[in-house]
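One line per chain: the protein sequences are C and V, in this order. Position 118 of the first sequence, counting from 1, maps to 119 under my numbering, and the rest follow consecutively. Position 62 of the second sequence, counting from 1, maps to 63 under my numbering, and the rest follow consecutively. To start, the structure under review is shown below, and the notes come after it.
2 protein chains.
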Amino acid sequence: MIRVLIVEDEPLISRLIEMNLTRAGYRCTVANDGKTAADRIEQNDYDLALLDIMLPGLDGYDLLDYLRPQGVPVIFITAKGTVKDRVEGLRRGADDYIVKPFAVEELLARVESVLRRNGRGSVMQAFDVVLDSGAHTVLQNGAPVDLTPNEFLLLEQLMRNRGAALYRDTLYERVWGGDRAETDTRTLDLHIMRLRRKLHWYDHIETVYRIGYRLKKE
Amino acid sequence: MIRVLIVEDEPLISRLIEMNLTRAGYRCTVANDGKTAADRIEQNDYDLALLDIMLPGLDGYDLLDYLRPQGVPVIFITAKGTVKDRVEGLRRGADDYIVKPFAVEELLARVESVLRRNGRGSVMQAFDVVLDSGAHTVLQNGAPVDLTPNEFLLLEQLMRNRGAALYRDTLYERVWGGDRAETDTRTLDLHIMRLRRKLHWYDHIETVYRIGYRLKKE
DNA sequence: GGGCTTTGTATCGTAGTTGTAACAGCCTTT
DNA sequence: AAAGGCTGTTACAACTACGATACAAAGCCC
């Protein structure tokens, strides 16, 4: 279980973050000001902290000083996306920053990326496979499976959206990058085939004709 | 149940949208201005928001900033169909836009398309059949039914507009694409037949002579 | 640079899907 | 009741999409 501390004085924002991270499988704690945040930090171990810079009482920079010695990675949340703020945050040792307003995808991506860099990630399971996005490992029945980077990304997408039919476009976009608009190549099919072969998941990964692919539920 | 937030200050328009979406099976909430919309957003989870850009108080762009972080897809409703507005809306992260005045069919089509792209398929039920547009599956008495893509789309249309007689033109347009203006082929009848046969729905799908087809209500 | 892995294109075969043609039967109007 | 248009059904041929293999290009690690 990955514990995340959210320090943010705007309830609207903190609730958004909490909701989305909780839904993504993280355990969240929210603090509205620097003082209570410091208390929480003293009493608990966190795997990640999201800090608003501008806070009543102790500000984000102060909290960073508490957290860094503990080895807790920090992502700053800042309203002003000025270069100055950004540089200042990173200079002081933040792992990343995110500018309000932000897209939820971006938030999740950064959280995951930071956790990954720090050796922590979310763990997903489907059938006989356990995928650890932090450690970048895939185990099948406890035995490691050797996947290439793209195969890993593809599997991650399928597992993250288990049961849903994912459109070819969507998969191309999420695995190969947003600029890619290919629908006429066999690349995706090829990678699906390689996944099926490596995992012996010929039945578990279902083809949805003319739509895309879907990871069986159950 | 799919929840849709409609933010629109012209009662005539908002009522029109609400009526049609409600009839199509969505649960709607209407807000007349940006402030109340923000309140609603805070207190509820929505699966989709339809935002008029020009609003008293907070405008559509402001609301977009609240909604995007939550992962709520957004469709802008704009009076001015200028290229500039469209681009601006999409650039800021809207999923789609629709220009006033609009056809109801277009509205429904865009709503559906956006929901689908965002993986929020609706689950509909009629008689012994459950259709999940997200997973792209159809179950009859719990057993999966194998439908081809066009059969699936056709069934989806019938179920979404249960009880209403759908014109042949309308069905052609929604299933086969808007550019198609064929009324002289047997294609639609053929697909209706295939649906009736696969689902044993000889009575449930009714023929409306000279008009089109209708899915029986009860 | 050499050998390895990874990736993507080209290609072919196959399975699944689709629509037209053709005809039979039905509905409605006159 | 007859005529004329509409719909139901079948069969088949064209078409599209996917699975699979081989191979070449690109990246990577010594």
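Note that CB positions come from ideal geometry on N, CA and C, so glycine has one too. Since this is a predicted model, take the numbers as computed values, not measurements.
Nonlocal neighbours in the same chain, by C-beta distance under 8 Å from residue i, ignoring five residues either side
| i | result |
| --- | --- |
| P145 of chain V | T138 and V139 |
| N142 of chain C | D129 |
| Y203 of chain V | R197 |
| E157 of chain C | M125, L132 and S134 |
| I14 of chain C | D53, I78 and K101 |
| I76 of chain V | L49, A50, L51, L52, A95, D96, D97, Y98, I99, R111, V112 and V115 |
| A44 of chain C | Checking the sequence, you will find Gln at residue 44 of chain C rather than Ala. Taken in chain order, the list of residues that qualify is empty. |
| L17 of chain C | V105 |
| K36 of chain C | G58 and L59 |
| E219 of chain V | none |
| P12 of chain V | N33 |
Beta-carbon proximity of residue i to residue j, cut-off 8 Å
| i | j | result |
| --- | --- | --- |
| A39 of chain V | Y67 of chain V | yes |
| V176 of chain C | L191 of chain C | no |
| I206 of chain C | Y168 of chain C | no |
| L148 of chain V | A25 of chain V | no |
Contact list for residue i against chain V, beta-carbon separation under 7 Å
| i | result |
| --- | --- |
| V209 of chain C | H137 |
Close beta carbons around residue i, own chain, < 7 Å, minus the five adjacent residues each side
| i | result |
| --- | --- |
| A127 of chain C | M160, R163 and L216 |
| D34 of chain V | D10, L56, P57 and G58 |
| C29 of chain C | V5, I7, E19, L22 and T23 |
| V209 of chain V | A166 and R215 |
| L200 of chain V | V130, Q141 and V146 |
| Y27 of chain C | I3 and V5 |
| E107 of chain C | I99 |
| R187 of chain V | none |
| D63 of chain C | G35 |
| F103 of chain C | none |
Presumed contact (8 Å Cβ cut-off) between residue i and residue j, rounded CB distance
| i | j | result |
| --- | --- | --- |
| D255 of chain C | G61 of chain C | Since the first residue shown for chain C is 2 and the last is 219, residue 255 of chain C is missing from the structure and cannot be characterised. |
| R195 of chain V | E152 of chain V | 6 Å |
Contacts of residue i in chain C (Cβ-Cβ under 9 Å)
| i | result |
| --- | --- |
| E43 of chain V | P12, L13 and R16 |
| P150 of chain V | V209, Y210, R211 and I212 |
Listed by chain order, chain C residues near residue i by CB distance under 8 Å
| i | result |
| --- | --- |
| P145 of chain V | Simply none; closest approach about 10 Å. |
Residue i: contacting residues in chain V (beta-carbon distance under 9 Å)
| i | result |
| --- | --- |
| R215 of chain C | A136, H137 and T138 |
Beta-carbon contacts of residue i that lie in its chain and below 6 Å, excluding the five residues immediately before and after
| i | result |
| --- | --- |
| K101 of chain C | A80 |
| P74 of chain C | L49, D96, V115 and N119 |
| A32 of chain V | V8, A38 and R41 |
| S123 of chain V | I3 and S134 |
Practice problem: Give, in chain order, every unbroken run of the beta strand (DSSP E) that is at least 3 residues long and sits entirely within the segment 143 to 169 of chain V. | Solution: 166 to 168
Exercise. Mind listing, in chain order, the continuous alpha helix (DSSP H) runs of no fewer than 4 residues lying wholly within the segment 10 to 73 of chain V?
Key: 12 to 24, 35 to 44 and 61 to 71
Exercise. Please go through the segment 90 to 117 of chain V and give each complete beta strand (DSSP E) segment of 3 or more residues, from N-terminal end onward.
Key: 97 to 100
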